[in-house]
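One structure is given here, and the rest of the page talks about it.
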Amino acid sequence: MFWRKRKAREQDLERELRSDLELEAEEQRENGANAEESQYTARRAFGNASLIKEDVREVWGWLTFEQLIQDVRYAFRILRKSPGFTVTAVLSLALGIGANTAIFTVVNAVLLRPLPFPQPDRLVQLWETKPSKSYFRNVVNPFNFLDWRERTHSFEGMAAVTGLNTNLTGLGDPVALQGMQVSPNFFSVLGISPALGRSFLPDEGRPGHEHVAVLSFALWQSRFGGDPAVVGRKIIVDGEPSTVIGVMPRGFRLPKYTPDIWTPLPIVRSKDWESGRFLQVIARLKPGVTLEQARQDLRRVAWQNAIERPDFDKGWSAEAIPMLSDATENVRLPLLVLLGAVGLVLLIACANVANLLLMRAAGRLREIAIRAALGAGRRRLLQQMLSESLLLAFLACAAGLAFAYVGVKALIAMIPAQTQFPRLDTIHIDGWVLLFALALSIASALIFGLAPSFQVSQVAPHETLQIGAIRTAAKSVLRQALVVVEIAVSLILLFGAGLMLRSFHRLISVDPGFETRHILTMGMFTSPAKYSDDHKRADYFTRLLENIRAVPGAKAAGSVHFLPLEGAMSGSCFTRAEEGPPVPSTSPSADFLVVSPGYFEAIGTPLVSGRFFDTRDHFGKRSVIMVNQQFVKRFLTGRNPIGQDLNVCWTVKNPAEIVGVVADARQTELQTAPKPTIFVNNLQAPMYFAQLVVRTTGDPVRMTRAIEGAIHRVDPDQPLTHIETMDQVFSDSVAQPRLQLVLLLVFSGIAALLAIVGVYGVVAYSVAQRTREIGIRVALGAQQTDVGRMVLREGAILAVAGSVIGAAGALAAARVMRTLLFETAPADPLTLGIVVVAVIAIALLATLIPARRAAQVDPMTALRYE
Amino acid sequence: MPKKPSDRIELLQGTLDMLILRTLLFGPAHGHQIAKHIQRTTDDLLQVEHGSLYPALHRLERKGWLSAKWEVAGKDLKREFKYYRLTAAGKRQLTAEESKWKRMAGAIARVMWPAEEG
Chain D
25 MFWRKRKARE QDLERELRSD LELEAEEQRE NGANAEESQY TARRAFGNAS
75 LIKEDVREVW GWLTFEQLIQ DVRYAFRILR KSPGFTVTAV LSLALGIGAN
125 TAIFTVVNAV LLRPLPFPQP DRLVQLWETK PSKSYFRNVV NPFNFLDWRE
175 RTHSFEGMAA VTGLNTNLTG LGDPVALQGM QVSPNFFSVL GISPALGRSF
225 LPDEGRPGHE HVAVLSFALW QSRFGGDPAV VGRKIIVDGE PSTVIGVMPR
275 GFRLPKYTPD IWTPLPIVRS KDWESGRFLQ VIARLKPGVT LEQARQDLRR
325 VAWQNAIERP DFDKGWSAEA IPMLSDATEN VRLPLLVLLG AVGLVLLIAC
375 ANVANLLLMR AAGRLREIAI RAALGAGRRR LLQQMLSESL LLAFLACAAG
425 LAFAYVGVKA LIAMIPAQTQ FPRLDTIHID GWVLLFALAL SIASALIFGL
475 APSFQVSQVA PHETLQIGAI RTAAKSVLRQ ALVVVEIAVS LILLFGAGLM
525 LRSFHRLISV DPGFETRHIL TMGMFTSPAK YSDDHKRADY FTRLLENIRA
575 VPGAKAAGSV HFLPLEGAMS GSCFTRAEEG PPVPSTSPSA DFLVVSPGYF
625 EAIGTPLVSG RFFDTRDHFG KRSVIMVNQQ FVKRFLTGRN PIGQDLNVCW
675 TVKNPAEIVG VVADARQTEL QTAPKPTIFV NNLQAPMYFA QLVVRTTGDP
725 VRMTRAIEGA IHRVDPDQPL THIETMDQVF SDSVAQPRLQ LVLLLVFSGI
775 AALLAIVGVY GVVAYSVAQR TREIGIRVAL GAQQTDVGRM VLREGAILAV
825 AGSVIGAAGA LAAARVMRTL LFETAPADPL TLGIVVVAVI AIALLATLIP
875 ARRAAQVDPM TALRYE
Chain W
20 MPKKPSDRIE LLQGTLDMLI LRTLLFGPAH GHQIAKHIQR TTDDLLQVEH
70 GSLYPALHRL ERKGWLSAKW EVAGKDLKRE FKYYRLTAAG KRQLTAEESK
120 WKRMAGAIAR VMWPAEEG
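In order, the protein sequence lines correspond to chains D and W. In terms of our numbering, the first sequence is residues 25 to 890. In terms of our numbering, the second sequence is residues 20 to 137.
Take a look at the structure:
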């Protein structure tokens, strides 16, 4: 219908124009012109018929759609005709778009996507703070939590959470679960109800009523086969019979934790909960309350606490941080730096494609002039060029998405599961990512399509066609500027990667103060039901370690409550015995670790003086402790540490005698220098959880079974978790900087490659353009070396200009990275020097081929050219 | 594109539409006649380019101010021409345009050649 009507109209217009043209010609004849002449004059008077038709069609309003199809078809034809150009351009862009899409996928999932709870922006994480010690996000004391909850007015609900290794037994193999103890209102604060059964009742938060459990969807599926009858079933959690009351919906989790099971946390105002800070607190703001109001409210209560319990709370305050930014704090800057880096890569890719298009447009000036002369309007030509750019961009977008898909997979694979990278499981390509990729492609098309389109719109057909030769001096300045930008930007990226490389090298060269080879580690949690008595627990650990040491190939074995490099550390206050009992708010504090005899021998931290813990130090005997060199330096200068007595706040029978000093070792992370540390004997103050450390003669992995067997001979129900070698722990601990390094290296590599292509392209093109000139020079007596040098000089000017601009940009940009670097200055002169030299060398290398070609120009051929 | 001698006046935006409507007030005409008529009545001062004429005719037709019909005409009555004629709406439009034009011309005149104070 539409097409028939439109065809009729086309014919109508054609007929109208023809009849009027005939009339015009007739009039010319009447004025005395001959037949041929009159036709010609009429046509000239009439002007460009196809342009008129085009303009009329535009009035009809069909043009845009029609033209679009035409343009796209034409663009396809053009691109197919020069596959070399098309592949280069699409590939450059696809790399840029792919890298951006991959990183944006992570940024979107981790930083941008709202938390999967109702009104997630009302959720906050509450922390205690001690500004004088730079503790800004400290876990919370139970009494303070109760006070906050009772005395603040800004929160709809507030819940305490503590992570807990939980053993599930009685269902075949004993399993260690990631458990979480929570206030009964935890689920309602988050606003999520169980998929099955119910959540906790307020009563179940009272001591003695806490033997109920809510399962995660995953645990329900894996251990209970998804049986709906699981609700009401009795299970054994940590040796205590508990009733399953509910199952949470699939995927329910906190941003940083994926628990398998939740049990109530029975906090009351009793001696057990009075001291120590270990709770995570989440809260939901009341409707209409701003974050700032809530903070003030919270600080007011914290200040009250500090007055009421100065011994414990003096100097402490509190802080509320939106849950999403709290969870993603550690990864925000690295991710944004990477996003900036890939943005620069895309910029280079765009500059490159703009350059290619400019060169091609220069070659197509004649074609364009002819099209203009045949009636293509200026707007139409622009439209046409732009649709070519858009088509390129869309092709690149499709290829880029494929790159991104693979890239994201590879990226996730590089993040070890053990590290607490927030929201790792939600990273996938979604609608927003697709939209981002599409928007990015269109934006790129506009950026790289702009210059050539502008050039085309300047075409004056009669001049171009008459003169034949094309003057492109002004445009070649534009092209050179683009290449300078490319060089500068890739220098910035290379400098960033160089800094990361130097920083990472320094990081992994740090002497951690312990050894990593031939060491197997595993975590365990002792059942409180079986081993609630300290003496019994100490005895249990002694027997475990003895059994492990008896395994052939085990050289030493011990335990520690937090493994090094896993980010965890405890602190305790203390006094020297003669100073009297310690007061938490005023006494000095030091890090402390609970270690068993054999730990230092197993991990390889040397003894400096005195002795290690050994068989003499039984439970119930005089408490003995060890300290590190930092501790001696800081608190016991000028004294012989051995034989000193300390009062330690942590549950040790005081006073405790220092029997040995060990060398300093890094604990929380490789980046942090060793701090003054007290080592408490696990056999005298046994913890419920421990990380076993076993030094082996051979490959530690192959001893796993034997060691597990040794443990299960003492207690067959003892589950073991996180069985890893110390090498693995070390490697995982630097996974994040390593990932940043690898990505920056890849991205700057791509950038350098694109810049090389850019430099090569511009110089090669300029050589091709100047073949005639070079021919004349050679004919007039220029030597091959002169010609080669002339071309190299062109490349060198580009390289030096790009490097100077790039160096300035790099120094400015690197400041952002300051906190990501380890013992490396953001303005590291050596790195900058190497990178600048490398970039100039690379750029010169790229001009070598065109320079050789120029040097070999045969004047005879060159002058015959064109 | 044809060159424009400098003594010719470029048509103001929208003026061509008014001139076409005005021309058709005398009766139906085809494109060529309209162009010639405008040229002739202005002593070739206003040159109507075909490149503007046909889009303008089709635009006016679309707006409903003109109607078009193929009619037999010419000396031998053998050829057909596409005749445009003014519709009622076109006449109203012309009146509106004319009064608008007069007001504008007056305003321009007052700016360009201010009346001398008596």
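No residue lacks a Cβ here, since even glycine has one placed at the ideal position from N, Cα and C.
Neighbourhood of V534(D) by C-beta, 6 Å cutoff - its chain only, sequence neighbours within 5 removed: In the first sequence, counting from the first residue as 1, residue 534(D) sits at position 510. Within the same chain, V534(D) has close Cβ partners L694.
Under the three-state DSSP convention, the category W120(W) falls into: For the purposes of this step, residue 120(W) is identified with residue 101 of the second sequence, where counting begins at 1. Helix, per DSSP.
Beta-carbon spacing of S514(D), L363(D) below 9 Å: Residue mapping note: residue 514(D) aligns to position 490 of the first sequence, counting from 1. Residue mapping note: residue 363(D) aligns to position 339 of the first sequence, counting from 1. No. Outside cutoff.
C-beta contact flag for D337(D) and N162(D) at 9 Å: Counting from 1 along the first sequence, the entry for residue 337(D) is found at position 313. Counting from 1 along the first sequence, the entry for residue 162(D) is found at position 138. No; because the gap between Cβ atoms is not below 9 Å, this pair is not in contact.
Residue-chain proximity (H56(W), chain D), Cβ-Cβ < 9 Å: Here residue 56(W) is taken as the residue at index 37 of the second sequence, counted from 1. No, no contact with chain D.
Cutoff 9 Å: S62(D) Cβ touching any chain W Cβ: As a first step, residue 62(D) is located in the first sequence; it is residue number 38 there, counting from the start. S62(D) does not count as touching chain W.
Closest Cα partner of I627(D) within the set A580(D), E234(D), T599(D): Residue 627(D) sits at position 603 when you count from the first residue of the first sequence. When only C-alpha atoms are compared, the closest one is A580(D).
Burial state of E38(D), where buried means 16 or more other Cβ atoms lie within 10 Å: Indexing the first sequence from 1 puts residue 38(D) at position 14. Exposed: under 16 other Cβ atoms inside 10 Å.
According to DSSP, residues forming a beta bridge with E681(D): For the purposes of this step, residue 681(D) is taken as residue 657 along the first sequence, with counting starting at 1. For E681(D), which the question treats as bridged, DSSP gives the partners V648(D), D669(D).
Per-residue burial, N124(D) [other beta carbons within 10 Å of its own, 16 or more giving buried]: Start at 1 with the first residue of the first sequence, and residue 124(D) comes out as number 100. Counting Cβ neighbours within 10 Å, N124(D) comes out buried, since at least 16 surround it.
Any 3 or more C-beta pairs closer than 8 Å across the stretch 391-398 of chain D and the stretch 717-732 of chain D: no
Assigned secondary structure, N706(D) (DSSP; H/G/I helix, E/B strand, else coil): For this step, residue 706(D) is matched to residue 682 along the first sequence. Looking at N706(D) - three-state DSSP - the assignment turns out to be coil, as it is neither helix nor strand.
Pair within 9 Å by beta-carbon distance, P588(D) and P536(D): Numbered from its first residue, the first sequence carries residue 588(D) at position 564. Numbered from its first residue, the first sequence carries residue 536(D) at position 512. In this structure, P536(D) lies closer than 9 Å to P588(D) by Cβ.
Partner residues on chain W for E48(D), Cβ-Cβ distance less than 8 Å: Looking up residue 48(D) in the first sequence gives position 24. Neighbours of E48(D) in chain W, taken as residues whose beta carbon is under 8 Å from its own, are H51 in chain order.
Under 7 Å by beta carbon: chain W residues contacting E40(D): As a position in the first sequence, residue 40(D) is number 16, starting the count at 1. Within chain W, the residues near E40(D) are G50, K101.
Three-state secondary structure assigned by DSSP to T855(D): Reading the first sequence from its first residue, position 831 is the one you call residue 855(D). T855(D) falls in the helix class under three-state DSSP.
Sequence-distant residues of the same chain with beta carbon closer than 6 Å to L968(D), five excluded per side: Residue 968(D) cannot be examined here, being either before or after the span of chain D that is shown, 25 to 890.
Min CB distance L406(D) to chain W below 9 Å: Counting from 1 along the first sequence, the entry for residue 406(D) is found at position 382. With 9 Å as the cut-off, L406(D) does not count as an interface residue toward chain W.
Span separating the alpha-carbon of G187(D) from that of Y712(D): One-based indexing of the first sequence puts residue 187(D) at position 163. One-based indexing of the first sequence puts residue 712(D) at position 688. One C-alpha to the other measures close to 13 Å.
Residue environment, T114(W), which counts as buried when at least 16 other CB atoms sit within 10 Å: As a working note, residue 114(W) is residue 95 in the second sequence. Burial call: exposed.
Residues that P74(W) contacts on chain D, provided the C-beta gap is smaller than 8 Å: Residue 74(W) sits at position 55 when you count from the first residue of the second sequence. The answer, in chain order, is I76, D79, V80, E82, V83.
Collapsed DSSP secondary structure at S613(D) in the structure displayed: Locating residue 613(D) in the first sequence gives position 589, where the first residue counts as 1. In this structure, S613(D) counts as strand in the three-state DSSP scheme.
With 16 other Cβ atoms within 10 Å as the buried cut-off, status of F624(D): Here residue 624(D) corresponds to residue number 600 of the first sequence, with the count starting at 1. Buried: at least 16 other Cβ atoms inside 10 Å.
Distance, Q715(D) Cα to M546(D) Cα: Position 522 of the first sequence holds residue 546(D). Position 691 of the first sequence holds residue 715(D). Straight-line measurement puts the Cα of Q715(D) at about 6 Å from the Cα of M546(D).
Bridge partner(s) assigned by DSSP for W151(D): For the purposes of this step, residue 151(D) is identified with residue 127 of the first sequence, where counting begins at 1. DSSP, once it has assigned bridges, lists E343(D) as partnering W151(D).
Buried/exposed call for G492(D), threshold 16 Cβ in 10 Å: If you number the first sequence from 1, residue 492(D) lands on position 468. Bear in mind that a pLDDT of 47 at G492(D), under 50, signals an unreliable position, so the model cannot answer this.
Per-residue contacts from S772(D) into chain W (C-beta, under 9 Å): Taking the first sequence and counting its residues from 1, the one referred to as residue 772(D) is at position 748. Here the premise fails: no neighbours, minimum Cβ distance about 51 Å.
Distance between Q245(D) and V255(D) (C-alpha atoms, nearest Å): Reading the first sequence from its first residue, position 231 is the one you call residue 255(D). Reading the first sequence from its first residue, position 221 is the one you call residue 245(D). Between V255(D) and Q245(D), the C-alpha separation is close to 13 Å.
The beta strand (DSSP E) enclosing N571(D), as first and last residue numbers: On the first sequence, residue 571(D) is found 547 positions in, with the first residue counted as 1. That residue, N571(D), is in no beta strand (DSSP E); its alpha helix (DSSP H) goes 558-573.
Assigned secondary structure, Y103(W) (DSSP; H/G/I helix, E/B strand, else coil): The count along the second sequence starts at 1 and reaches residue 103(W) at position 84. Strand at Y103(W).
Members of the stretch 449-460 of chain D near chain A, C-beta cut-off 9 Å: Of the protein chains in the structure, D and W, none is chain A.
CA nearest to the CA of T843(D), picked from A825(D), L357(D), M347(D): By 1-based counting over the first sequence, the position of residue 843(D) is 819. For the residues A825(D), L357(D), M347(D), the minimum Cα distance to T843(D) belongs to L357(D).
Cα-Cα separation, L872(D) to Q880(D): Stepping through the first sequence from its first residue, residue 872(D) is reached at position 848. Stepping through the first sequence from its first residue, residue 880(D) is reached at position 856. So the alpha carbons of these two residues sit roughly 12 Å apart.
Any 3 or more C-beta pairs closer than 8 Å across the stretch 509-528 of chain D and the stretch 221-235 of chain D: no
Within-9 Å CB hit, D810(D) to chain W: Sequence index remark: in the first sequence, residue 810(D) carries index 786 (1-based). Closer than 9 Å: no.
Segment contact flag, the stretch 44-56 of chain W with the stretch 103-111 of chain W, C-beta cutoff 8 Å, min 3 pairs: yes
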